Amino acid sequence: MGISFSVLSSGSTGNATIVRNEDTTLLIDAGLSARRIDELLKEREMMGEEIDGILVTHEHSDHIRGLGAVARKYNLPIYANEKTWEAMSKSLGKIAEENRIVLESHEVKDFGTLRVEPFEISHDAAAPVGYCFYDGDEKLGVATDLGYVSDKVKKALDGSDVLVLEANHDIEMLRMGRYPWNTKRRILGDMGHLSNNSAGDALSELLTGDTKRTYLAHLSLDHNMMDLARMTVRDTMEDRGCFFKDSEFKLCDTYYDRPTPWDKVGE
Numbered sequence: 172m173g174i175s176f177s178v179l180s181s182g183s184t185g186n187a188t189i190v191r192n193e194d195t196t197l198l199i200d201a202g203l204s205a206r207r208i209d210e211l212l213k214e215r216e217m218m219g220e221e222i223d224g225i226l227v228t229h230e231h232s233d234h235i236r237g238l239g240a241v242a243r244k245y246n247l248p249i250y251a252n253e254k255t256w257e258a259m260s261k262s263l264g265k266i267a268e269e270n271r272i273v274l275e276s277h278e279v280k281d282f283g284t285l286r287v288e289p290f291e292i293s294h295d296a297a298a299p300v301g302y303c304f305y306d307g308d309e310k311l312g313v314a315t316d317l318g319y320v321s322d323k324v325k326k327a328l329d330g331s332d333v334l335v336l337e338a339n340h341d342i343e344m345l346r347m348g349r350y351p352w353n354t355k356r357r358i359l360g361d362m363g364h365l366s367n368n369s370a371g372d373a374l375s376e377l378l379t380g381d382t383k384r385t386y387l388a389h390l391s392l393d394h395n396m397m398d399l400a401r402m403t404v405r406d407t408m409e410d411r412g413c414f415f416k417d418s419e420f421k422l423c424d425t426y427y428d429r430p431t432p433w434d435k436v437g438e
């Protein structure tokens with residue numbers, strides 16, 4: 172079967188992604204209500220009872236809003252590093268002690284035949300991480316909510332068959348937008364979010380013969396558009412000498428209000 176995944180929801184209104192292989196199903200973040208997550212799973216012909224655990228990237232509300240409720244409803248273990256646990260514990264309500272599991276950054280964990288490797292990213296949270304997933308020769312990399320793509324992040328994501336990468340905002344739309352300057356400065360900074368241009372810069376270095384698709388994720392509803400994100404990322408990559416045909420490499424959309432189709436990483 173290999174690795175399959177669906178980005179259930181992506182953006183400032185809530186984030187959740189389902190990743191599975193033949194013997195394990197994991198949810199990355201639960202930033203929507205438990206009811207909404209159930210609805211999104213149903214759209215992908217799944218039920219919450221099929222989930223084996225929840226991986227947390229960081230403690231911001233758009234990533235943990237429904238975490239406690241989902242964990243209690245389905246009696247699921249939650250995996251997060253110690254600093255993230257400290258930052259989010261009060262927001263979750265009562266969690267069974269056996270379901271409070273520490274998975275530190277750079278600590279590799281095998282869930283059956285699905286290997287999970289967290290890696291540190293730069294964001295204004297306690298100890299934010301991205302994740303890489305492995306099954307045999309297949310690799311899926313997931314990195315959103317990061318101010319810049321460091322050499323360590325590039326090393327972690329290198330060789331991914333499929334990537335889920337943040338393309339949060341168009342720089343000029345953000346600068347001209349309604350947010351106060353302090354918020355704009357935070358988003359634009361090294362502890363904020365990746366712009367379309369920054370995503371294109373990163374992809375121009377990450378793109379190898381192994382990489383088939385990249386899903387542009389966590390788009391701002393106020394300061395980005397999917398067509399603009401795709402165009403800017405592609406233009407930035409071409410400006411850096413990275414040319415490709417859709418048959419060789421494809422930029423894919425994510426949505427805040429509906430899940431992406433199932434993607435089989437090995438195909």
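In this text, residue positions in the sequence shown follow my numbering: the first is 172, and each later residue adds one. For glycine and all other residues, C-beta sits at the position ideal for the given N, C-alpha and C. Quantities reported herein were computed from a predicted structural model and do not represent experimental measurements.
Following the DSSP letters along the chain, one finds V324 inside the alpha helix (DSSP H) bounded by residues 322-328. Per the C-alpha coordinates, the member of E221, L336, M396, S204 positioned closest to S375 is L336. Of the residues assessed, E230 falls on the buried side of the cut-off, its CB having 16 or more other CB atoms within 10 angstroms. DSSP assignment within the segment 403-427 yields no whole alpha helix (DSSP H) run of 4 residues or more. Just so you know, the alpha carbons of A205 and T184 end up roughly 14 Å apart. Membership of L359 in the alpha helix (DSSP H) is indicated by the continuous run 352-359. Annotation for L392: no alpha helix (DSSP H) segment contains it, and DSSP assigns it neither H nor E.
Each residue's CA atom was taken as its position, placing D308 and M172 some 12 Å apart. The segment 269-279 and the segment 389-404 do not touch, with fewer than three beta-carbon pairs separated by less than 8 Å. Within the model, the alpha-carbon separation for D322 versus S181 is close to 25 Å. Closest by C-alpha distance to F420, out of E409, Y426, R429, Y427, is E409. Here the C-alpha atom of L226 lies approximately 5 Å from the C-alpha atom of Y250. In the three-state reduction of the DSSP assignment, Y319 falls in the coil class, being assigned neither a helical nor a strand state. The criterion of a C-beta distance shorter than 7 Å is not satisfied by A314 and G330. Residue environment analysis places D361 among the exposed positions, since fewer than 16 neighbouring C-beta atoms fall within 10 angstroms of its C-beta. Under the three-state reduction of DSSP output, R346 falls in the helix class. G301: member of the beta strand (DSSP E) spanning 300-306, first to last residue. By the C-beta criterion, the segment 385-399 is judged not to be in contact with the segment 410-417, since fewer than 3 inter-stretch pairs fall below 8 Å. Of the residues assessed, L392 falls on the exposed side of the cut-off, its CB having fewer than 16 other CB atoms within 10 angstroms. Contact annotation, H394 with D341: C-beta distance approximately 6 Å; criterion of less than 8 Å satisfied.
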